[in-house]
Amino acid sequence: MADAFDVIVIGGGPAGYPAAIRTAQNGLTVACIDEWRNHDGSAAFGGTCLNAGCIPSKALLESTELYHRLREEFAVHGIRASGVELDLAAMQKRRADIVRKMTDGIAALFKAGGVTPLQGHGKLLPGKRVELTAHDGARRELTAKHVVLASGSAPIELAAAPFDGQRIIDSWDALELGAVPKRLGVIGAGVIGLELGSVWRRLGSEVIVLEALTEFLAAADQQLAREALRQLKRQGLDIRLGAKVTGAKVTGGGAGGGATGAVEVSYSDAKGEQRITVDTLIVAVGRRPFTRDLLAPGTGVALDERGFIVVDDHCRTGVEGVWAVGDCVRGPMLAHKGKEEGIMVADLIAGRYGEVNYRAIPSVIYTAPEIATVGASEEQVKASGRAYKVGVFPFLASGRARAMEATAGFVKLIAARDDDEILGVHIIGPLAGELIAEAVLAMEYSASSEDLQRTMHAHPTLSEAVHEAALAADKRSIDSINRP
Ligand code: FAD
Ligand code: NAD
């Protein structure tokens, strides 16, 4: 007799685990199956985000930013430090401890919330049956009224630079390096390339980032992208645009490069064939949906031409009772997008209301300064043909940013000329990732720029810059010069 649940969730990342918790909150029986194994072989819930993505990267970004500021920026505050030393082992231990606490936290939430945790591989069989293969190889069959697929994504491998796990590595390996590479190559100036490039640059690596496109952060608002490129280059990131990698060869030091190995990377750009030699090469050219051995023949669940599970706006696969959420379906590969989808599906299954507003998904790059956006870029608004106005407020004019010695960047707000609807907000500056929440909330409530203008903001705070950008959209900024 198969174990029966109301809902089985396959995948315990930030899309799957909230789906499971909300399902239990709704009074239904639920199991969450996850196959994640860490480099040391230990199993853990939390998926890419907690084990190898959002959380460990932010732990290292925080530590390395402190190290960098102590060495380079504290003197201006009148704080002199000498004998500052890097203890990378301690920094990495802190990163690993944070990850362990967070993933243990999910196990505790499952226990407290009544979710049945099952570690191993889950495979959807026809008829909403699920085959579970535990890590010891034992198999059993489960049944459910609803199955939620939340299998996530995996790094894209480049044929010209295949991973060897030593010298040519993915983002997970790049988070766990035990030594600072003298010369670090990164393929891809996307989110991962910029965040991890920043981590190792701050610790002393010479970092060369090779980006195939000629435009930097091509999908972002280009005024924001230009400022980001300027700031990151000033920090010493050697970002080379229009660089198409044609090959990467590990040389010296035996198989995998060994301690003395290096990687020769060849690429072509507008000037012709180029070559660089680096100690370590991170390949960060995007991620692909991960659905290996997830679907048995005959389930009826469709994949699109890029391998994403096909779903509608409410994450229904088209097979009654089978849903899919997170990185394995269309849309930005972001933890919070997956979380909201997981919660929506759990509520829909329970007969409650559920909706995701795909027009108000914030996106943050945790460089210094941070880069945060929501809604349309100016280029997108222009292309739509809708008349618009723009308000920009520089952090140079913010008292709080000055006090923090963090005046680089600005807040840019785009609103419609006809009804004043906020169409997009783009921030580069201190704590931009926190500031963007106000813009997301405003857009969620269909606020106008006037609504933000008439909302009181505490002084002196960074959030005043959002207020002032809204005022600037109508040339009514108080603390900056309103441009014609
Ligand atoms: P995942 O987190 O990939 O989880 C899927 C889980 O399902 C995994 O545990 C996997 O082992 C398991 N699984 C897959 N198939 C099966 C199966 N058949 N049976 C059982 N288990 C299975 N996003 C942000 O929003 N903010 C950030 O700051 C951020 N930083 C990132 C930094 C890095 C370095 C990386 C790589 C990613 C980052 N992301 C960030 C992206 C974020 O990690 C993903 O968008 C998010 O993890 C997707 O969640 P998910 O649940 O869909 O998939
Ligand atoms: P990405 O899509 O952000 O960037 C990949 C970059 O690589 C692009 O600029 C692309 O033009 C470039 N590229 C592709 N092929 C190339 C080639 N052959 N040579 C040179 N450049 C090439 O992908 P990513 O940085 O790998 O991140 C993967 C996903 O993880 C993203 O979807 C992102 O949303 C998510 N993520 C999010 C965060 C965050 O929210 N802070 C952090 C890390 C990762």
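In this text, residue positions in the sequence shown follow the working numbering: the first is 1, and each later residue adds one.
All C-beta atoms, glycine included, are put in the ideal place defined by N, C-alpha and C.
Everything numeric in this text was worked out from a predicted model, so none of it was measured.
Taken from the Cβ of P162, every heavy atom of ligand 2 lies 7 Å or farther away. Excluding its 5 nearest sequence neighbours in each direction, F216 has C-beta neighbours in its own chain below 8 Å: A189, A225, R226, A228, L229, I239, L241, listed in chain order. The C-alpha of G83 is placed about 33 Å away from the C-alpha of D170.
Where A134 is concerned, the enclosing beta strand (DSSP E) starts and stops at 129-134. For D420, DSSP records no beta bridge to any residue.
If only uninterrupted beta strand (DSSP E) runs of at least 3 residues are considered, those enclosed by the segment 297-373 are 322-324, 363-365. When beta bridges are read from the DSSP output, S268 appears opposite K244, E273. Counted as a single uninterrupted DSSP element, the beta strand (DSSP E) harbouring V392 occupies residues 388-394. Judged by beta-carbon spacing, K145 lies within the 8 Å limit of G321, meaning their Cβ atoms are closer than that value.
Boundaries of the alpha helix (DSSP H) around E444: 432-444. Per DSSP, the unbroken alpha helix (DSSP H) holding G105 starts and ends at 88-113.
Rounded to whole angstroms, the separation of the alpha carbons of Q274 and K339 is 42 Å. Listed in chain order, the non-local C-beta contacts of A59 below 8 Å within the same chain comprise R94, R95, I98, V99, local neighbours out to five positions each way being set aside. The C-alpha of Y388 lies about 48 Å from the C-alpha of A44.
Residue nearest to W200 within the set R234, K182, A138 is K182 (criterion: CA-CA distance).
About 27 Å separates the CB atoms of I276 and P369; that is not less than 8 Å, and the two are not in contact. Here E65 carries a helix assignment [DSSP, helix/strand/coil]. Selection L184, S449, T407 evaluated against D419 yields S449 as nearest (Cα-Cα). Spanning the alpha carbons of Q453 and T461 requires a straight line of approximately 15 Å. Taking 7 Å as the cut-off, the C-beta of L124 does not count as close to any heavy atom of ligand 2. Rounded to whole angstroms, the gap between the alpha carbons of S363 and L213 is 20 Å.
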